[in-house]
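Q:
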Amino acid sequence: MMRNGFKWILLASFCLGAYAFGAEDTRIIGYFPYWAHYSEFYPKDVRYDWVTHIHYGYFVPDESGELAIADDADQENFETLAKTCQEKKVKLLVSIGGPGNADAMHAASSDNTVRDRLVGNILELVKQYHLSGVEVDWQPASEDKGAYGSFLSALADKFSQESPRLLLSATVTWADSLASGYDADALEKADYLTVQALDVMDENQPSVMPNASLPLTEKALALWEDKGIPSGKLVPVVPF
1 MMRNGFKWIL LASFCLGAYA FGAEDTRIIG YFPYWAHYSE FYPKDVRYDW
51 VTHIHYGYFV PDESGELAIA DDADQENFET LAKTCQEKKV KLLVSIGGPG
101 NADAMHAASS DNTVRDRLVG NILELVKQYH LSGVEVDWQP ASEDKGAYGS
151 FLSALADKFS QESPRLLLSA TVTWADSLAS GYDADALEKA DYLTVQALDV
201 MDENQPSVMP NASLPLTEKA LALWEDKGIP SGKLVPVVPF
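Just so you know, we're using the numbering used here here: the sequence shown kicks off at 1 and counts up by one.
(1) To which residues of the same chain is K145 closer than 8 Å at the C-beta, ignoring the five residues directly before and after it?
(2) From the DSSP output, in three-state form, read off V126 for me.
(3) Would you mind stating whether L123 and V136 have Cβ atoms separated by less than 8 Å?
(4) Report the option in K233, V200, Y38, P239 whose CA atom is closest to the CA atom of D72.
(5) Within 10 Å of its beta-carbon, does D201 have 16 or more other beta-carbons around it, so buried, or fewer, so exposed?
(6) Is K219 helix, strand or coil by DSSP?
(7) List in chain order: all unbroken beta strand (DSSP E) runs of 3+ residues lying wholly within the region 160-202.
(8) Around the C-beta of D185, are 16 or more other C-beta atoms found within 10 angstroms, so that it is buried, or is it exposed?
(9) Nearest-angstrom Cα distance between V90 and P43?
(10) Under 6 Å Cβ to Cβ from S95, same chain only, skipping five residues before and after it: list those, please.
(11) DSSP on A73, reduced to helix/strand/coil?
(12) So, at 6 Å on beta carbons, what are the nonlocal neighbours of Y34 in its own chain, with the 5 sequence-adjacent residues on each side left out?
(13) Enumerate in chain order the residues of its own chain whose CB-to-CB distance from T173 is below 7 Å, with the five nearest sequence positions on each side excluded.
(14) Per the DSSP calculation, H53 is bridged to which residue(s)?
(15) Within its chain, find whatever has a CB closer than 8 Å to the CB of V51; leave out the 5 residues flanking it on each side and keep chain order.
(16) On the three-pair Cβ rule with 8 Å, is the region 115-131 touching the region 79-87?
(17) For the candidate residues V46, D45, S207, H53, whose alpha-carbon lies nearest to that of D191?
(18) Does chain B have any CB closer than 8 Å to the CB of A184?
(19) If I measure Cβ to Cβ from G98 and keep anything under 7 Å in the same chain, skipping five residues before and after, which residues do I get?
(20) Give me whichever residues DSSP pairs with A68 in a beta bridge.
(21) Taking Cβ positions, are L300 and L193 nearer each other than 8 Å?
(22) With DSSP as the reference, label G149 as helix, strand or coil.
(23) What does the alpha-carbon distance come out to for the pair H106 and A147?
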């Protein structure tokens, strides 16, 4: 019973983001993190008919621009997920970066040569596993704005040359105080942005408060619309 309970919790956690842009463009995105297998949740447990897109987390670059899966123990699961998404006609994107990897993203994006190598390795990964594209999961500091913009723009340029055109997504923060490192012009080149209005409650809060809420999500969406991002590109992340 407990084992099945864990699976249901993970499945609920998996179905994180959903946003409708019209009947033909509805995106229902689920996150599949590499640590799911430690709770015995596997690609076979995914309800593929519930989602249109899946974001697999994570692949992480090193300072030389090489790219590796965040956990070698999940390589087989990732390959199974990629194969099953093809069979089920669900779009699979890999998230590049992820929590705790801002320094790695900075190192791989700040040098032109390394950045070009990383973009090439990402394209190779996408083609190897027949992915639909990638999500850039990086909350850049203010000093990273140039590198962040150049990295996103380089990916967008490469992806637009592929047939069919590859999808580019990026995570963005909910707070204006944390948004100084994002390049709005580069973000407009992405197909959609996942708005991470989450994890508000931390050790700095003087009292208990919700980790996420509808008012916070509305505020976050308005923030990026005010920065010039079309509302149709904004996908609010909803935790279950």
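No residue lacks a Cβ here, since even glycine has one placed at the ideal position from N, Cα and C.
A: The short version:
(1) Excluding positions up to five away in sequence, the list reads S180, G181, Y182, D183.
(2) In the structure shown, V126 falls within a helical segment according to DSSP collapsed to helix, strand and coil.
(3) If you check the CB distance, L123 and V136 do not come in under 8 Å.
(4) If we check each option's Cα against that of D72, Y38 comes out closest.
(5) Here residue 201 is Met; the residue named in the question, Asp, does not match the sequence. Under this definition M201 is an exposed residue.
(6) K219 falls in the helix class under three-state DSSP.
(7) The qualifying runs are 167-173, 192-196.
(8) Exposed is the call here.
(9) About 12 Å.
(10) Here S95 has H55, G57, Y58, E135, D137 as same chain residues with Cβ atoms under 6 Å from its own Cβ, once five neighbours each way along the sequence are excluded.
(11) Helix.
(12) Within the same chain, and ignoring the five residues on either side of Y34 in sequence, the residues whose Cβ sits closer than 6 Å to its Cβ are A70, D71, D74.
(13) Excluding residues within five positions, the ones whose Cβ falls inside 7 Å are Q139, A179, Q196.
(14) Answer by DSSP bridge pairing, in chain order: I29, K91.
(15) Cβ within range, chain order: C15, I28, I29, G30, V90.
(16) In this structure the region 115-131 lies against the region 79-87, because at least three pairs of beta carbons, one per stretch, are closer than 8 Å.
(17) Ranking the options by Cα distance to D191, first place goes to H53.
(18) This model lacks chain B altogether, as it is built from one protein chain only.
(19) Around G98: G57, Y58, V60, A70, D137.
(20) In the DSSP assignment, A68 is bridged to V60.
(21) Residue 300 falls outside the range modelled here, since the chain spans only 1 to 240, and no answer is possible.
(22) If DSSP states are grouped into helix, strand and coil, G149 belongs with the helices.
(23) In a straight line, the C-alpha of H106 is about 7 Å away from that of A147.
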